[in-house]
Every structure is written in C-alpha cells, then in structure tokens.
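S.K.:
Residue numbers (the working numbering): 45 to 671.
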C-alpha cells in the first residue's frame with residue numbers, strides 16, 4: 045500500500061474551496077441536503093484526488109469552525125484559498141492561524157476568482173497575502189492564480205503543485221505504533237449495522253481484527269473497511285476510511301468517539317499542555333478562564349490554570365493545567381485548538397504534555413515547568429518516567445501514559461539509553477537506571493536501619509521490609525533477587541539481611557551460648573526444660589531465648605517447636621543412624637525410630653515429620669521409607 049496523503053482546504057466562506065475540489069477530483073463534497081440548499085459547506089467533506097491522496101473540504105463560515113478544526117487536525121498539506129474579489133477576510137486569517145497552531149508544515153496558496161478583477165487588483169491582493177503569510181510555512185510558496193469558472197490555472201495546480209508537494213511528507217506522520225482513529229461521523233446502514241468514518245491518525249489495522257471503542261469502552265470487531273468507496277483489507281495511517289463495526293450501536297460511538305487496537309486509553313478530564321496563543325487581538329488567557337477545547341473530533345468546555353504567570357498575552361506560550369467539564373480520550377502529544385467561550389473566536393492551541401497530573405498545585409506547577417523545558421519527546425518521556433507516581437511503570441501503564449506501542453516508546457527512549465527494561469515472572473517494567481539504583485539503595489538502607497535497631501536479630505522479615513519501601517510485591521521480589529545476585533544481601537526463607545551482617549555477641553555471651561549448646565547436645569531428642577537450663581546457667585529466661593534464637597539463626601540449633609530443640613551435631617548423628625537402619629531394613633516404624641532417637645513417641649512423631657520435610661524419609665501408610 046502506498047503512503048496516504050491528506051490535503052486540507054482552508055479559507056473564508058464562498059471563496060471557492062468546494063468548487064476547486066470538484067474541479068480537481070470530479071467529486072462534489074457538499075453532500076448534505078442543508079449544504080446544497082444553503083450553498084455552503086456545513087460539515088467536512090472528502091474527495092479522493094487519486095488512490096493515495098484525500099482532499100478534505102472544510103467549512104469556511106465562522107459558525108461551523110468546529111467542523112473545520114475536525115477536518116484539518118491531521119492533515120499533511122494545506123491549501124489556503126483566497127478569493128481575488130474579497131482578498132484576505134476574517135476566516136482567512138482564522139483558518140491560517142489554526143494551520144500554524146496545528147504545526148502544519150507544507151502548503152499551497154490559491155488565489156481564486158481572478159476572472160472577476162483586473163490585474164492591478166490581483167497584484168494588491170497578492171501583496172496582502174504575502175504580508176499575511178510572512179514568517180510562516182507558506183512564506184516562500186508561489187501564489188497560483190485560478191478561476192473555477194473557466195478552470196484557468198487548475199491544471200497547473202494539479203500537475204505542478206500537488207505532485208511536488210506530496211513528494212516528501214512521510215516525516216510529518218505521527219505513527220505511534222498502534223491504530224488510532226477519531227470518529228467524525230456515525231450512522232447505521234441496512235444490512236451492515238454501525239458504520240463510522242474518520243481519518244486514521246496512527247498505525248494500521250486489518251479487517252477482522254478487534255478494536256476498542258470509547259467512550260463506550262467496548263471491544264468490537266472490524267467487519268469491513270472502505271476508502272475512496274473501495275473495499276480494502278487493511279487501513280493505515282493517513283487513510284480516510286469508513287469502518288463497519290460489529291458489536292456496538294451507533295449511539296455508543298458518535299462524533300468524538302475514539303478507536304484503537306489496544307485497550308490502553310482512558311477518558312481524561314485533567315491534563316497538562318503547552319499552550320500557544322495566536323498573534324491576533326483578543327488572544328489572551330487568564331487564570332480559571334472558561335474556554336472551548338477542540339480535541340480530535342470533540343468540542344469540550346473546560347477551564348485553564350496557567351502554571352507560570354497569572355495570564356498569557358497574544359503570541360505568548362506557557363504550560364497550563366486544563367480541566368474539562370466532561371472526560372474525553374486524549375493522549376500524550378495530541379494537538380488541540382482553543383476558542384473563547386463567548387463570543388467564539390480561535391485564540392490559540394496546544395499540545396498535550398502529560399495526562400497524569402495529581403498532587404498539590406505547587407507540585408503540579410513545578411513538575412509542569414520542568415517538563416515543558418525538555419527539548420524533545422524522548423527527553424519528555426524520560427523525565428516523566430523519572431518522576432512518575434506509583435513506581436515502577438508496567439508495560440500497560442507506560443503505554444497508557446504515552447498512548448504508544450511499547451516498541452515505539454523504546455524507539456524514543458533509545459536515543460537516551462538511560463533506562464532498563466526489566467522482566468520477572470509474568471511482569472515487565474521500564475525504569476530509568478537512576479530510579480532502579482535509588483530503589484535498590486533504599487532497600488539496602490532499610491535493612492541497615494533494621495540491623496542498627498535490632499542487633500540481636502538476624503534480619504528483617506520480607507513482608508515487613510516490603511511495607512517499608514512501599515513497592516509492588518512482584519517488583520519487590522525481583523529487586524531482592526537483583527540484590528542477592530549482586531551479593532548485597534542474603535535471604536533465608538522469609539528473613540533478609542545484609543551480606544556482611546553478623547550478630548556480635550560479647551565474649552561472655554558467646555561462652556554462655558556454647559554452654560547452652562552443650563546442654564542440648566547432652567539431652568539429645570528429649571524435652572528441654574528452659575527454666576532448668578536458665579537456672580543451671582544462672583541467666584534470665586529472656587537471655588536464654590535470645591541466645592537460642594541467635595544460635596538457630598546461625599544454624600547451630602534446629603527448632604521444631606517450642607518444646608523440641610536439638611543441635612546440628614545431634615541431627616547429623618540421627619540421620620546417619622537412620623540411614624544405617626535402612627541398610628538392613630525396608631521400612632521404619634515409629635516404635636523403631638523411638639529406639640534410634642532415644643526419645644518418646646511425643647517427640648518421635650514431629651522428628652519423623654521433620655525428616656520427611658528434609659527429604660530424608662517419606663511416609664507410606666504407617667511406616668517411613670528412605671528417599
């Protein structure tokens with residue numbers, strides 16, 4: 045499939061945009077009954093110049109400016125049409141300013157109706173046009189003189205201007221690696237069901253694939269697709285397309301709706317944006333001003349909070365927090381236009397910088413002002429990841445935050461390389477290297493604090509440590525594994541300690557502990573009388589328990605329960621005796637084991653269960669066998 049090019053017509057009412065489109069393509073874009081009756085374009089119209097070029101005809105009357113905005117939001121090339129008899133008019137200026145604010149980079153200027161005026165007047169109008177476009181993307185463009193009455197100049201426009209202007213526009217495309225389309229029309233067609241139309245602004249999709257429709261948040265299936273009235277099996281970025289959807293009613297996806305192949309988008313009512321005002325009178329903003337925002341194919345009322353000064357004047361830019369009165373689907377780096385609430389006038393536009401902005405106003409302002417200072421998308425993305433809330437970013441979260449496929453996100457971040465993609469079990473995260481180092485250091489610091497406060501405990505419980513660092517459990521487990529691999533910490537079941545940590549007993553405490561172990565050695569596998577041991581050694585029961593706990597942590601003593609403790613020396617001897625027994629016997633009864641261990645049935649049973657747990661023996665009926 046060839047790259048698809050969108051050309052947008054712009055200009056004042058009755059300056060001949062629709063007539064020019066008809067002569068260029070053979071199609072009349074005024075298809076609505078009201079349009080034919082009133083003789084002007086009310087809604088956006090579409091015509092195909094050839095198989096890979098779509099021309100969008102948008103309304104020129106100021107009352108229908110919102111439809112004009114919908115039409116040109118994602119165009120590659122603009123054609124600015126000006127009637128020679130009128131010259132530059134109010135909607136000419138407004139449309140031109142909108143083209144600039146939406147960052148259109150290529151364009152053509154057509155001076156229409158030259159048959160109505162003389163040469164001297166044409167020269168004056170051209171001078172006026174040159175003054176208008178000075179310093180813009182249209183500054184160095186030729187002005188093509190055209191008459192739709194006799195088709196004068198149309199062939200030159202067709203062959204010389206259109207052909208040359210579409211030669212290198214691929215760099216203007218904003219492909220996010222996933223399918224996105226805003227809906228501008230929705231209707232039911234007998235025998236087909238729900239049909240929506242729109243311009244594909246990112247990615248591609250095949251017929252038969254699943255899509256997610258917003259605001260209904262429904263999973264639907266793409267039954268069929270058309271472009272330029274032809275059925276196609278696949279549509280991609282730049283296509284002007286009609287989609288037949290299965291699984292949704294037209295009332296659930298009307299104009300302003302959004303389609304994507306990934307279920308990562310949310311309806312957003314609050315977002316950060318860089319706002320730029322037009323260089324026209326009345327283009328200013330004040331705090332908490334009520335405005336009209338044109339985003340995608342939606343018009344939404346909202347208010348604006350300026351993060352820098354208390355106001356913005358014409359030609360100024362600034363980072364702002366925008367709060368909409370109803371949520372819509374939007375994403376990182378989406379463009380939009382701003383119109384005054386009343387009277388309605390285009391005053392500026394902007395680009396979405398972040399869709400996740402919470403916290404105190406002072407924190408939001410600080411974050412916003414730092415974010416807007418970043419030079420490019422890669423720097424902005426890296427900054428957002430570094431300063432995210434809810435560390436770390438899972439793949440789903442980061443795709444939702446940036447409205448891109450994971451591969452596209454990595455493509456942007458690769459220019460920096462200061463990040464890591466982490467995988468563990470079924471989870472996948474993306475973090476900056478600085479973030480990861482900081483989090484690992486935080487874990488180590490918390491363990492150090494624990495050791496300082498608890499010098500006689502071998503380590504902190506894993507659950508307790510996780511609560512301290514406030515991390516997702518899976519990511520915490522992954523981080524613990526990293527630290528173990530780095531020889532920073534040691535994990536013993538649920539106990540975690542620093543690799544070089546040792547409990548430092550005094551000389552006298554070590555001597556007493558040695559005596560405790562000797563006593564346990566002498567007692568074998570019989571009941572231990574704590575009170576008697578404490579009395580024999582002339583120490584408190586608390587001190588005895590401390591010494592026993594430390595010995596257990598140092599793997600000198602094994603504890604089955606509070607009544608049964610034994611030394612590693614005795615356990616080793618017991619294992620050897622059991623194996624010796626099996627050299628001449630096939631099975632071991634409890635009674636036989638009592639004789640080997642020299643203990644009572646009360647302690648023989650838990651001892652046997654312990655041997656089973658250590659995979660030395662296993663139970664079969666009422667007997668044990670050697671593993």
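Cβ coordinates follow ideal geometry from the N, Cα and C atoms, glycine included.
Taking Cβ positions, are residue 369 and residue 408 nearer each other than 9 Å?
M.R.: no
S.K.: Classify residue 465 as buried or exposed, calling it buried when 16 or more other Cβ atoms lie within 10 Å of its own Cβ.
M.R.: exposed
S.K.: Going by DSSP in three states, residue 276 sits in which element: helix, strand or coil?
M.R.: strand
S.K.: Quick test of the definition: if touching needs 3 or more C-beta pairs under 8 Å, does the stretch 162–173 touch the stretch 129–137?
M.R.: yes
S.K.: Residue 151 to residue 354, Cα distance in whole Å?
M.R.: 36 Å
S.K.: Reducing DSSP to helix, strand and coil, say where residue 513 ends up.
M.R.: helix
S.K.: Between which two residues does the beta strand (DSSP E) containing residue 648 stretch?
M.R.: Careful: residue 648 lies outside any beta strand (DSSP E), inside the alpha helix (DSSP H) at 645–657.
S.K.: For residue 613 and residue 565, what's the separation of their Cα atoms in angstroms?
M.R.: The C-alpha of residue 565 is placed about 7 Å away from the C-alpha of residue 613.
S.K.: My parser needs the alpha helix (DSSP H) runs of 4 or more residues fully inside the stretch 514–563; what are they?
M.R.: Restricted to the stretch 514–563, the alpha helix (DSSP H) segments that are unbroken, complete and at least 4 residues in length are 517–529, listed in chain order.
S.K.: Taking 9 Å as the threshold (C-beta atoms), are residue 65 and residue 99 in contact?
M.R.: yes
S.K.: Between residue 223 and residue 304, how many whole angstroms is the CB-CB distance? I'm expecting something under 8 Å.
M.R.: 6 Å
S.K.: Compute the Euclidean distance between the alpha carbons of residue 49 and residue 526, then round it to the nearest angstrom.
M.R.: 49 Å
S.K.: Is it right to say residue 155 is buried, meaning 16 or more other beta carbons lie within 10 angstroms of its own, or is it exposed?
M.R.: buried
S.K.: Alpha carbon to alpha carbon, what distance is there between residue 60 and residue 73?
M.R.: No answer about residue 73 holds up, because its pLDDT of 48 lies below 50 and its placement is not dependable.
S.K.: What separation, rounded to the nearest whole angstrom, lies between the Cα atoms of residue 583 and residue 440?
M.R.: 59 Å
S.K.: For the structure I just gave you, are there three or more beta carbon pairs, one from the stretch 436–454 and one from the stretch 403–418, closer than 8 Å?
M.R.: no
S.K.: Under 8 Å: does the beta carbon of residue 173 sit that close to some heavy atom of the ligand MN?
M.R.: Because no ligand of any kind appears in the structure shown, any question about the ligand MN cannot be addressed here.
S.K.: Report yes or no: do the stretch 346–365 and the stretch 291–306 share at least 3 C-beta pairs separated by less than 8 Å?
M.R.: no
S.K.: What does the Cβ neighbour count give for residue 389, buried or exposed, with the cut at 16 atoms within 10 Å?
M.R.: Burial call: buried.
S.K.: Do the stretch 135–154 and the stretch 318–325 meet, that is, are 3 or more Cβ pairs less than 8 Å apart?
M.R.: yes
S.K.: Taking the alpha carbon of residue 635 as the reference point, which residue from 658, 668, 620, 420 has its own alpha carbon closest?
M.R.: Comparing Cα-Cα distances from residue 635 to each of 658, 668, 620, 420, the minimum goes to 668.
S.K.: Residue 537: which of 506, 558, 591 sits nearest, CA to CA?
M.R.: Checking every option, the nearest Cα to that of residue 537 belongs to 506.
S.K.: If you draw a straight line from the alpha carbon of residue 255 to that of residue 428, how long is it in whole angstroms?
M.R.: 28 Å
S.K.: Would DSSP call residue 251 helix, strand or coil?
M.R.: coil
S.K.: So is residue 149 buried or exposed if we call it buried at 16+ other beta carbons inside 10 Å?
M.R.: exposed
S.K.: Straight-line CA distance for residue 638 to residue 617?
M.R.: 15 Å
S.K.: Considering only the alpha carbon of each residue, which of 232, 285, 67, 247 lies closest to residue 297?
M.R.: 232
S.K.: For the alpha helix (DSSP H) containing residue 201, list its first residue and its last residue.
M.R.: No alpha helix (DSSP H) holds residue 201; DSSP gives it neither H nor E.
S.K.: What ranges does the alpha helix (DSSP H) occupy inside the stretch 118–164, keeping only unbroken runs of at least 4 residues that lie completely in it?
M.R.: 134–145
S.K.: Cα-Cα, which of 597, 202, 183, 182 is closest to residue 190?
M.R.: 202
S.K.: For residue 671, which of helix, strand or coil comes out of DSSP?
M.R.: Three-state result, residue 671: coil.
S.K.: Looking only at C-alpha atoms, which of 515, 502, 503 sits nearest to residue 480?
M.R.: Nearest in C-alpha terms to residue 480, of all of 515, 502, 503, is 515.
S.K.: Across which residues does DSSP place residue 599 in a beta bridge pair?
M.R.: Residue 599 pairs with nothing; no bridge assigned.
S.K.: Is DSSP giving residue 397 helix, strand or coil here?
M.R.: strand
S.K.: What do you get for residue 557, buried or exposed, if any count of 16 or more other CB atoms within 10 angstroms of its CB means buried?
M.R.: buried
S.K.: Any contact between the stretch 331–341 and the stretch 269–284? By contact I mean 3 or more CB pairs, one from each, below 8 Å.
M.R.: no
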